[in-house]
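Its first residue numbered 15, the sequence shown is counted upward by one per residue in my numbering. Every residue, glycine too, gets a C-beta built ideally from N, C-alpha and C. Notes follow the structure.
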Amino acid sequence: MSYYKHHVFFCQNQREAPEACCANHGAAAMRDYCKGRVKALGLAGEGKVRVNQAGCLDRCEEGPVLVVYPEATWYTYVDKADIDEIIEEHLVNGRVVERLRI
Ligand code: FES
Numbered sequence: 015m016s017y018y019k020h021h022v023f024f025c026q027n028q029r030e031a032p033e034a035c036c037a038n039h040g041a042a043a044m045r046d047y048c049k050g051r052v053k054a055l056g057l058a059g060e061g062k063v064r065v066n067q068a069g070c071l072d073r074c075e076e077g078p079v080l081v082v083y084p085e086a087t088w089y090t091y092v093d094k095a096d097i098d099e100i101i102e103e104h105l106v107n108g109r110v111v112e113r114l115r116i
């Protein structure tokens, strides 16, 4: 049994231009938004959801990236609507959001 039902890692890595990196795609703001929504929805905590920052996850060209464990489902995202969809579909309903999957 996992300590968290879903553990979400947002890559926050910053690289020098012209290298691709998640930090240049609003990764910090989207992590903060996701953490805030998860908390507001009452999803945060032991046995539920945890949102953390991560260093480079080595999928920089596909970024920005996040990964949800224990399923090891990788996503990219563009805006808050994408994060909302991942929260609602994956974290709440347990359904993978195929359109955002990488
Ligand atoms: S910078 Fe995000 S995966 Fe490498």
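The distance from the Cβ of Q26 to that of A68 is about 7 Å, consistent with a contact at the 8 Å cut-off. Within the same chain, and ignoring the five residues on either side of H20 in sequence, the residues whose Cβ sits closer than 6 Å to its Cβ are V63, V82, L105. Residue pairing by DSSP places L80 opposite F24, Y89 in a beta bridge. The residues I101, V106, in chain order, have a CB closer than 8 Å to that of L55 in the same chain once the five nearest residues on each side in sequence are set aside. For R64, the beta-bridge partners assigned by DSSP are H21.
The straight-line gap separating the alpha-carbon atoms of P84 and Y18 is approximately 9 Å. The C-beta of G50 has fewer than 16 other C-beta atoms within 10 Å across all chains shown, which makes the residue exposed. Between E75 and A34, the C-beta spacing is below 8 Å. For C48 against I97, the beta-carbon gap comes to about 5 Å, under 8 Å, which counts as contact.
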